[in-house]
Amino acid sequence: MRLKVNGRTHELGDIDPTTPLLWVLRDTLGLVGTKYGCGIGACSACTVHVNGTPVQSCQLPVQSLEGQEITTIEGLAGPDGTLHPVQQAWIDEDVAQCGYCQAGQIMSAVALLNRTPKPTDGDIENAMSRHLCRCGTYNRIRKAIHVAAGMIERTGSEA
Amino acid sequence: MNDNRSGATTVDVYLPEYLRRASAGLRDAALSRRRFIKISGFVGGGLVLGLSLGTERVAAQQHNGHGAGPSREVEFAPNPYVQIKPDGTIVLFAKNPDVGQGVKTALPMIVAEELDAEWSRVRVEQAPISMELYGPQFAGGSTSIPMNYNTLRRAGAVARAMLVAAAAERLGVPAEELTTDAGFVVHAASNRRIGYGELAEAAAALPVPDPASVKLKDRKDFKLLGKRVTGVDNFKVVTGQPMFGIDQRVPGMLYATFTKAPAIGARVSSANLDHVKSLPGVKAAFLIEKKGNAIEFNPSSDAVSSGVAIVADSTWSAFKAKRELRVEWDESDASRDSWSEAVAEARRLAQSAPQSTLRDSGDVDAAFASADRTVEAFYTYPYVAHADLEPQNCTVWCKPDGTAEIWAPTQTPQAAVEAVAKFLGVPQSNVTLHQLRGGGGFGRRLANDSVVEAAAISKRVGAPVKVQWTREDDFAFDYYRPGGFHAFKAAIANGKLAAWQDHFITFTRGGGMPATSANLSPDEFPARSVPNARILQSMIPSKMPTGPWRAPGSNAIAFAIQCFLHECAVAAGRDHVEFLLEVMATTPPPQQAGPGGFGMPGLNPERAAGVIRLAAEKAGWGRKLPEGRGLGLAFHFSHQGHFAEVAEVSVDADRRVTVHKVWVAGDIGPIVNLSGAENQVQGSVIDGFSTAMGLEITFEKGRVQQRNFDGYPLLRMTQAPEVEVHFVDSDYPPTGVGEPALPPAAPAICNAIYAASGHRVRTLPLTREGFKV
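Sequences listed follow chains U and W, in order.
Here the first sequence stands for residues -7 to 151, where the numbers follow my numbering.
Here the second sequence stands for residues 95 to 867, where the numbers follow my numbering.
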């Protein structure tokens, strides 16, 4: 089967169709930015976008994804390497501690800002409460999302 | 007194060993031993560091003597921490593992300050693992800053002095007329500046001065230290580049799972290996014999548990095959431990004569006899798991020539090398470890059990192998923070704390000693502060594995002690801040190597009083709050850090707890990276609340009951309080902050719950007492 990730189509050959997208990304395609945390959809470290919607890739058999547009953390920056405002805000606010959950957090934050360009704290909490951060960086995540929203508003850039 | 001390006088055994080595001369040895032998003419390639195969330059290779070769450029590398290239690039090496505590940023900042480097032009690389070059390299006990601060300052200052000397020669002016600024040597009188890169070759030819002779900056002249600096790996984090242990890929690598018994310590009798081997993608499946005792926490142990290895062509093939694995376990030596039975046993022991007396100072019986009031309470806290978000994993390649390479997200890389060398029966020089970032540590990655498993499997299959634990494996095979119990009794006389008695009930794995991280110091606060104090101990035999968990010992002891002290203040009719300050006022000066000091000075009552006052002031202690809302205070000293915290909490009629805000006052001496330090404190408070609120590991018949995050509800963003952080600007030597802000969080919140609701929490987690978030 074929899988389209970050705008590139990959031929997966005779892959086990029940393989979760997470492991196809990590082991088959070498896109290791998407993380394994729990395997049961409880931590959201494995969040990617399918057609712009944040989903838990550990819960998605790859067979269901033929013809879908998948975006991972590696595909978030522009083709010239310009960081997405959410990525930039994460650096500016020094959000990460261990950093392991942050790719998933960033993917959900980007999807939130696409839907809701000026989110309230409540909007942010609703969108982000399915993510676990073992280091407890929640307050900085909340702040960075507000900062990113401000950047997007100022530049008028497409989030 | 002290007729039968618990044996270990500090909370853990692993750190004193490192600190012993350090105090034996290694603390500054990394610099003095090398005598700043210049390493020039570096070449790339050869020895490979971490994930960037073939692209990283390696500081160790010259020292190992097999990196020589033609060099096109001369680099200035006066010591193992600094390398300056002719193009002006400054590479600083971070010696210790980063598992989220931020030392990969903080340690090079110290060098950069004295070097007067332009931080934006600095590139930080993870240092190779070498006791000879760097002394002890590990992430534990919040020791990276206190153990390395002076060495790193001198490393930067020596490099700067040599660049200045090179510039003086070139400009023909005395070195005294030169200053440095952001990567340049400046001669103000003639308005000339020379970049460090231009001086690299000349500096490399100069003799290296004695590190003790170079002048260090005055703190008031610091430009970088104390500022907010974003983490050096943040770009990689936000773009998803490979950096964690789990991200490691090696050509020809196979993927493995290792299945151990659900009952701790059981052995494999048989398994359906033929069926497993027939499954898609499976390359091999075999039993691994038990070696040594992997249940005992020991970073350099080469022990391995009995279990079944499945080796496959991908993680998923291995995980899927693991689901079809059926094993018969021999449980004759396995744990039969039960948490519910332990709780019942602890309550029985609390009513019985103690097994030992750890301390009996003053005249406790007389104090109780003449007390106005006595207060008694029984406190309970559970086992908890580390639950690093990156499940344990390690990649090892045991090669046919008897050498091995390890790619590991370990907190104790040198111990990992030792463990694998022992396991393979080869000298440590045969084993190379590439240090990778850990997706959380919290003490879990001090143990190298997954490293030895990977070595065992790689040796058997003759290929590089990544062992990947499932989340379920990670919960089932931890070195847990041990649970414990305190039966307290205090005497109040004239509104003061006149006597303190703590019958501590803990777990033992035998040998008359508490299990790892399950001991209480006879000097633990407030024992030395009260005229009459008695600490008693009884132990329950247990086979459950235990080990250091962020702020070992302190993370649980502080809850019990700081809540009971609040009970005493309430019983005495006293304000909590005033009462705590009064206890602090009768605390003797710091002991050398006191509890919580990790081999360094113990609690300093003046610093303690300072943070208690500061936290109270910032929180508006004493202000009027609406019904159902209250403030709670706690203090704890550990890891050289003095921390006081005040929580504002409301509790509704359904016992729903909201922590609105926590004010933290900490004294850890001068701050290195303010952003990183604040992040650690905020995370520690949230970790402390998360753990107190709903986390526990329970076990029955030796089997851990919690399997995944659905049964171990870490706090989520919705429930996370705001955390306001204040650091005292003190002149004490700077110390670490990965741990000491955690212990006061739970008792501050529980004391606030009392203030808000009148309900005294004596059992954690809070869900056990009917609370919810």
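All C-beta atoms in this analysis are idealised placements derived from N, C-alpha and C, irrespective of residue type, glycine included.
Output the boundary residues of the beta strand (DSSP E) element that contains residue i.
i: W:T451; result: 450 to 455
i: W:E186; result: It should be pointed out that residue 186 of chain W corresponds to Leu in this sequence rather than to Glu. 184 to 188 is the span of the beta strand (DSSP E), which, as asked, contains W:L186.
i: W:Q335; result: That residue, W:Q335, is in no beta strand (DSSP E); it is neither H nor E in DSSP.
i: W:E818; result: 816 to 821
i: W:R343; result: First-last for W:R343: undefined, no H or E at that position.
i: W:W423; result: 421 to 424
i: W:A587; result: 578 to 587
Residue i to residue j, Cα distance in whole Å?
i: W:R538; j: W:S394; result: 14 Å
i: W:W869; j: W:F569; result: Residue 869 of chain W is absent from the model: chain W starts at 95 and stops at 867.
i: W:Q486; j: W:E818; result: 33 Å
i: W:L719; j: W:S778; result: 26 Å
i: U:K110; j: W:V753; result: 26 Å
i: W:R264; j: W:P828; result: 37 Å
i: W:D567; j: W:R361; result: 16 Å
i: U:R126; j: U:G91; result: 10 Å
i: W:V822; j: W:A702; result: 11 Å
i: U:T20; j: W:I340; result: 14 Å
i: W:F865; j: W:G770; result: 32 Å
i: U:D6; j: W:K416; result: 21 Å
i: W:A747; j: W:L860; result: 15 Å
i: W:A786; j: W:M337; result: 31 Å
i: W:Y290; j: W:M203; result: 17 Å
i: W:F729; j: W:G782; result: 13 Å
i: W:T451; j: W:A759; result: 35 Å
Just curious, the alpha helix (DSSP H) that residue i is in, first and last residue?
i: W:G58; result: Since the first residue of chain W shown is 95 and the last is 867, residue 58 of chain W is not available in this structure.
i: W:F170; result: Looking at the DSSP string, W:F170 is not in any alpha helix (DSSP H); the run it does join, the beta strand (DSSP E), is 170 to 173.
i: W:P507; result: 507 to 518
i: W:F692; result: Taken as a continuous stretch (DSSP letters only), W:F692 belongs to no alpha helix (DSSP H), as it is neither H nor E.
i: W:Y477; result: From DSSP, W:Y477 is part of no alpha helix (DSSP H); its letter is neither H nor E.
i: W:S769; result: 768 to 788
i: W:F653; result: 648 to 665
i: U:L104; result: 94 to 107
Let me see if you follow: with CB-CB separation under 8 Å, is residue i close to chain U or not?
i: W:V142; result: Unreliable placement is indicated for W:V142, whose pLDDT of 23 sits below 50; the coordinate value is still reported in the next sentence. No, W:V142 lies away from the interface with chain U (no Cβ there is under 8 Å from its Cβ).
i: W:I358; result: no
i: W:V766; result: no
i: W:W563; result: no
i: W:D572; result: no
i: W:G735; result: no
i: W:M811; result: yes
i: W:G641; result: no
Kindly indicate if chain W contains any beta-carbon less than 8 Å away from that of residue i.
i: U:P12; result: yes
i: U:R146; result: no
i: U:R107; result: no
i: U:A140; result: no
i: U:L124; result: yes
i: U:Q94; result: yes
i: U:E66; result: yes
i: U:M120; result: yes
Which of the three DSSP states, helix, strand or coil, is assigned to residue i?
i: W:M633; result: strand
i: W:L392; result: Just to set this straight, residue 392 of chain W is Asn in the shown sequence, not Leu. Here W:N392 sits in coil by DSSP.
i: W:L147; result: With a pLDDT of 23 at W:L147, under the threshold of 50, the modelled position of this residue cannot be trusted; read the value that follows with caution. If DSSP states are grouped into helix, strand and coil, W:L147 belongs with coil.
i: W:A849; result: helix
i: W:K317; result: coil
i: W:C492; result: strand
i: U:P53; result: strand
i: W:A123; result: Confidence at W:A123 is low in this model, with a pLDDT of 41, below 50, so its placement is unreliable and the value that follows should be read with caution. In the structure shown, W:A123 sits in a helix (DSSP, three-state: H, G or I).
i: W:H281; result: strand
i: W:S117; result: At W:S117, the pLDDT of 46 sits below 50, so the modelled position is not reliable and the matter cannot be decided from this model.
i: U:I116; result: helix
i: W:Y349; result: strand
By alpha-carbon positions, which one of the options ends up nearest to residue i?
i: W:A412; options: W:S732, W:D596, W:A350, W:S455; result: W:A350
i: U:Y130; options: W:G375, W:L808, W:K637; result: W:L808
i: U:I62; options: U:L17, U:G31, U:I137; result: U:L17
i: W:K583; options: W:I655, W:Y573, W:G532; result: W:I655
i: W:A262; options: W:R287, W:S851, W:A835; result: W:R287
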